[in-house]
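Data block below; observations after.
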Amino acid sequence: MTTYDPQPTNESVPASTMDPGIAELFERQAAATPEAVAVRRADEELTYRELDAAADMLAARLSRQAGPQAVVALLLEPGPALVTGILGVLKAGSAYLPLDPGYPTERLGFLITDAKAALVVAEAATAHRVPRNGRPMVLIDAPYGASPRPASHPSRGGSADDLAYLIHTSGSTGTPKGVAVPQRPLLELIRWSVARYRVSPDDVALPTHSTAFDAASRELLMPLLAGAGLVFTHGERRLDPRTLLREISHSGVTILDTVPSLLRRMLAEPDAAARLASLRVVVCGGEELDAETCDRFAESLPTAELMNQYGPTETTVAVTAWTCRPSLNGERVPIGHPLPGVRAYVLDEDGNPVADGAPGELCVGGHSLAHGYAGRPDLTANAFRPDPFAGRPGARLYWTGDRVRRRADGALEFLGRVDDQVQVRGYRIEPDEVAAALRRHPGVAEAVVVAHHGSGEEGEAALAAYVVPTGARVPSADLYTHLADIVPVFMLPDHLTQVAELPRTPAGKIDRVRLPEVAEQPYTAPEGRTAATIAALWETVLDRPRVGAFDDFFALGGDSLLATRVVIRIRERFGVDLPVRELFTSRTVTALAVCVDRASAVADSGALRRRDPARRRSLSFAQRRLWFLEQLTPGLPAYNVGRAYRICGPVDVIALTRALHAVVERHEVLRTRFLVEDGEPYQAVEAPNRAAALPVTDLSTDLDPVASARERSRATIEAPFDLAEGPLMRARLFRLADEDHVLLLAWHHSVFDGWSVGPFETDLTAAYQGRDLPELNVQYADFADWQREQLSEDRLTRRIGYWRKRLDGATLTLELPADRPRPPVPSYRGGSVAFSVPEALVGRLRALGRERGASLFMVTLAAFQVLIGRYTSRRDFVVGCPSAGRHRTELEELVGFFVNSLVVRADLSGDPSFAELVGRVRSSVLEAFEHQDLPFERLVEELAPPRDLSRNPVIQVWFDLFTAGSGLALGGASTRRFATGSVTTRFDVELHLADTRHGGLSGELIYASDLFDAASMERFAEHFLTLLTTVAEDSTAQVDSAEVLSAAERELLLSTWNDTGCSYRGDRTVSE
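Position one of the sequence shown corresponds to residue 4 (our numbering), numbered consecutively onward.
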């Protein structure tokens, strides 16, 4: 254990060493306003009394293990625990080391060791992030103030001259430096801030800074010493502008301390002015504030005050301040004048003052200085030098390394860095620290990292790394992986370039001016054969002209289905076993190439080839189950599939008939029927004539041709198919007028699934245009034989084992609240509700998915699970989702029944945040994909749920998100989908979302008419849309409390139905 003795500080105001410290001042405030809310985050809330008691309890525990002025590391998420931790450490007479839980484990371990921390305070959720190395650990978790105050709490507290905290800054040698800051300068800053901003118990402050950023100490402690309240957002969404706007508006936040880049993003939101109306004061620091942001702020919030502050960590958060005014006409925003007790000089390299207006290095003296760099007297002596202007011995100046000039009005303007330290996204970063980490890679001989402007968000600074490899080029993905294990995410370079040598000056120093321009390399070609092949696969699947080495699959438009197609092609091209989840974690070409090179060889899956058509052909597993159900209940309409097209324009009926004939001839499954021999069904293929017939019915003289076409279409779709007699496809053409027709197509599900629409439309379009359809290499019957060979009993047993374990204990019967009792046998009649999800909302949901490494399918499925959970009050249930079932490229252009039903188990236990639930859904879906080849029919057999003819086995609710196809093109005529009015369903509820590729989603809610009324399902669809909006605005919302009611419903429930007042006659009693 190490303690730090304060060095003489450059006090401009004499002070007694007995001046109270932060802990004592907080205790006074807690005594003055004990029941006022001090800290709140979501449903966690502590009053001043409770916070004081919680800090006392922690202090009592710490005092037994850490002595006075010992350093205690705090690994806590922003929230009540963090505030309790800071106050508890100070009450124990110790100093705190704030750590960001998002840092890599290696960096956390270094910081703790470098600070010689006596122990670590953590939460259960963060404790695993730090190597203990024999250090004691104290866990702190809610409820923080539930236990009684210790009988004799230590309340050592200390004085204003004791150490407050130790915080690390980026080191020019590649090693972070720990800055030791006493309480006095922090208290002086807080006192000035409270007075300047007129902070009172009526104020509410919203912290936004990282725990490990020095401004966090001021923004946390300043409100608490003035009796104000602190409100937190969840850490993972702390920097999301929409989340902040929502919290500011909801909580009536009056004081905000943030960085300019985040303020810019908030002001860019369309409803910023309304959402930020409660703000009185906004303090900016950490990076340069621009005039445009000042003007936008003044326009949006004319009554609020915007303060630009400046201060390195070594000078305790802030030493200069400037009240922003609009109409700077593009000039630099000053960093302002020195705060009381601070001396600011602009000096040349020899330490002489420069003339007003001339640039020089800013040097700071006065009471704001830190003690220095802990354990680094050499660095302290170099940066904290004697102050020749103070007029008293022991006074010091901190040389900031920042270039400034003093204007005629005395205000300072920031011009840049004297050295190479840069500000990136609000963080001060020493590029040499990143370069030093790169040089630790065995394949790197030299590395340099510089700031690059004109790239990154809104043209702000970004990091560009240049690497000289020791030999062959190092895969860039390896370098990023290596860096991510050492430095925080915010220090990862935005650009990485490998060069043969670094340019140098005549003196032998690296010539940064001659480094290659990043702007000259907007596209990085994939490196190596594996990466080049993967890029080519992405180009094909994503329909992109060029894919670069660091392009993100999902940012390019990838989704779960396309990811599956990519993985199938990679498996076939490279012969490796690559799970779909790899593409969700390794989202760039370079990263995925590394995974492919490391993947193990895939087991031989046998040849999928054309079999002897004279052989008796087996049914696939899915076909056999439908055949069996048909034997039990002949003519089930639930297994009929229909699709109709309205054709406006000239139609060549002969050409259309020939085109249908060509398609049916190409796909044998469309002219297949199922015969039985010795009790076993088999497939028999016949000539295409019957299936390809196209009767034409003239409805032009009917009173309402469209209604007639709709009724005839519905009847045709729902008419029973005879599986033995065939054909299992029907086509009809209804003439409404001279150039107005409806083409109806219907199939039995045993020969056609949803994916089949794409190849069917493609082939029918090509054949109608007179193009020959090439012969297929394999037919559906070949797949059925191959599937039987692949899924031998031994292989099935292994796959069944996974699903038994996955579904162990799951409830396989789900009961949604219905409008009428469930009939003993369903009619399969359904109703539907159409709705749409706006483009803007879909964009936010996609962004939420990218943050969590999830696809849009996973995000929307998570929302569906939340809604089902809210309707049923269940935490554990299953949802059915489709799997295309086409695990080989030969199957992608086939028509047939390949789709498999996946059982995705929902886990809403513990009331997770929506973001956390998305992570759970992501894991569940990826696991399901990895085990998707077990036919659902076999799973039902193995699970053997109680026989119940009233409901579908295992799955009662269904969810699907798919990409809408390109449609049917028939010459010069226009075609669009035609609603047939035929709706059947095997499930209680089905939710289908179609990605139209125009930004939005087209939704259809299908429901069992036996159970639900249309009005109930319309509300269900409204609730789904409201929920999507809620979680898109705030993914940290707990799922149990996420809003699902529309504004109209809330008004009805809270106001209209509660408005029970009425007039009574004055001459009668209540009983009368």
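Every residue gets a Cβ at the ideal spot worked out from N, C-alpha and C, and that includes glycine.
Model, not experiment: these values are computed from the prediction.
Cut-off 8 Å between Cβ atoms - residues of its own chain near residue i, not counting five sequence neighbours on either side
| i | result |
| --- | --- |
| L659 | L697, L736, L746, Y771 and L973 |
| A411 | D359 and G360 |
| P841 | G1003 |
Rounded separation between residue i and residue j - CA only
| i | j | result |
| --- | --- | --- |
| A406 | L964 | One point to set straight first is that residue 406 is Arg, not Ala, in the sequence displayed. Looking at the two C-alpha atoms, the distance is approximately 55 Å. |
| A534 | A662 | 41 Å |
| R201 | E930 | 55 Å |
| V425 | G404 | 11 Å |
| A183 | A321 | 16 Å |
| V906 | T257 | 48 Å |
| A475 | V437 | 21 Å |
| L870 | T988 | 20 Å |
| A120 | H131 | 17 Å |
| G1002 | R954 | 36 Å |
| M4 | D117 | Reliability fails at M4, whose pLDDT of 33 lies under 50, so the model's placement of it is uncertain and no value is given. |
| V592 | Y483 | 13 Å |
| R646 | R715 | 13 Å |
| Q634 | T527 | 60 Å |
| A594 | H237 | 30 Å |
| A41 | R388 | 41 Å |
| L911 | Q868 | 8 Å |
| R873 | D1043 | 7 Å |
Closest residue to residue i among the options (Cα-Cα distance)
| i | options | result |
| --- | --- | --- |
| R620 | R676, E48, V570 and P653 | R676 |
| E291 | P83, D822, R476 and P337 | P337 |
| C327 | G314, A454 and G288 | G288 |
| R1 | R873, S254, Y483 and R801 | In the structure as shown, the chain begins at 4 and stops at 1075. Residue 1 is therefore absent and cannot be evaluated. |
| A821 | A120, T978 and A1018 | A1018 |
| N903 | V881, R941 and R877 | R941 |
| E449 | H455, I432, E433 and A468 | A468 |
| R717 | E633, A850 and F981 | F981 |
| S830 | R547, L1014, F556 and E742 | L1014 |
| G638 | I650, V672, E728 and R646 | E728 |
| A784 | T178, R612 and P519 | R612 |
| I143 | L540, T87 and T108 | T87 |
| L350 | G344, G339, P341 and P362 | P362 |
| D936 | K180, H890 and V75 | H890 |
| T36 | V141, P777, F300 and S203 | S203 |
| R601 | E796, D481 and V881 | D481 |
Spatial neighbours of residue i in its chain, beta-carbon cut-off 7 Å, leaving aside the 5 residues before and after
| i | result |
| --- | --- |
| R855 | A918, V921, G922 and R925 |
| G834 | V986, Y1010, S1012, A1017 and M1020 |
| A377 | Y7, A118, L169, G181 and A183 |
| V123 | A76, L78, I115, V133, R138 and M140 |
Beta-carbon contacts of residue i that lie in its chain and below 6 Å, excluding the five residues immediately before and after
| i | result |
| --- | --- |
| S753 | Q626, L629 and F900 |
| P23 | none |
| F724 | L731 and H751 |
| G1076 | For the chain, the structure presents residues 4 to 1075; residue 1076 sits outside this window and is missing. |
| R346 | G368 and G369 |
| D206 | A231, T257 and I258 |
Original post:
Are the stretch 57-66 and the stretch 78-95 touching by the rule of at least three beta carbon pairs closer than 8 Å?
Top reply: Counting Cβ pairs under 8 Å, three or more are found: they touch.
**OP:** Assess, as a yes-or-no matter, whether the stretch 266-281 is touched by the stretch 318-337 under the definition of 3 or more beta carbon pairs within less than 8 Å.
**Re:** Taking 8 Å as the limit for Cβ pairs, the verdict is that the stretch 266-281 does not touch the stretch 318-337.
**OP:** Indicate whether the contact test is met: 3 or more Cβ pairs, each with one atom in the stretch 495-504 and one in the stretch 562-569, closer than 8 Å.
**Re:** Short answer: they don't touch.
Subject >> Cβ pair count under 8 Å reaching 3, the stretch 73-87 against the stretch 227-237 >> reply: Under the three-pair Cβ rule at 8 Å, the stretch 73-87 counts as touching the stretch 227-237.
Original post:
What are the uninterrupted segments assigned as alpha helix (DSSP H) that are 4 or more residues long and contained completely in the stretch 687-754, given in chain order?
Top reply: Runs found: 708-721.
Original post:
Is the stretch 307-325 touching the stretch 186-196, taking contact as three or more C-beta pairs under 8 Å?
Top reply: The answer is yes - the stretch 186-196 touches the stretch 307-325, with three or more Cβ pairs under 8 Å.
Subject >> Segments assigned beta strand (DSSP E), at least 3 residues, entirely inside the stretch 358-421 >> reply: If we require 3 residues or more, the beta strand (DSSP E) runs fully inside the stretch 358-421 come out as 363-369, 387-389, 399-409 and 415-420.
Original post:
Which runs of the beta strand (DSSP E) spanning at least 3 residues fall entirely within the stretch 910-994, listed in chain order?
Top reply: Taken in chain order, the whole beta strand (DSSP E) runs of length 3 or more contained in the stretch 910-994 are 960-966 and 977-980.
**OP:** Could you pull out every unbroken alpha helix (DSSP H) segment of at least 4 residues lying fully inside the stretch 490-575, listed in chain order?
**Re:** Here the runs fully enclosed are 531-545.
Original post:
Counting pairs of beta carbons, one from the stretch 885-898 and one from the stretch 540-560, are three or more of them closer than 8 Å?
Top reply: With a cut-off of 8 Å, the stretch 540-560 and the stretch 885-898 do not count as touching, because too few Cβ pairs lie within range.
**OP:** Please confirm if the stretch 211-226 is in contact with the stretch 164-173, defined as three or more CB-CB distances below 8 Å between the two stretches.
**Re:** Contact holds: three or more Cβ-Cβ distances are below 8 Å.
Original post:
What runs of the alpha helix (DSSP H), each 4 residues or longer, lie entirely inside the stretch 162-245?
Top reply: You should have 186-200 and 218-227.
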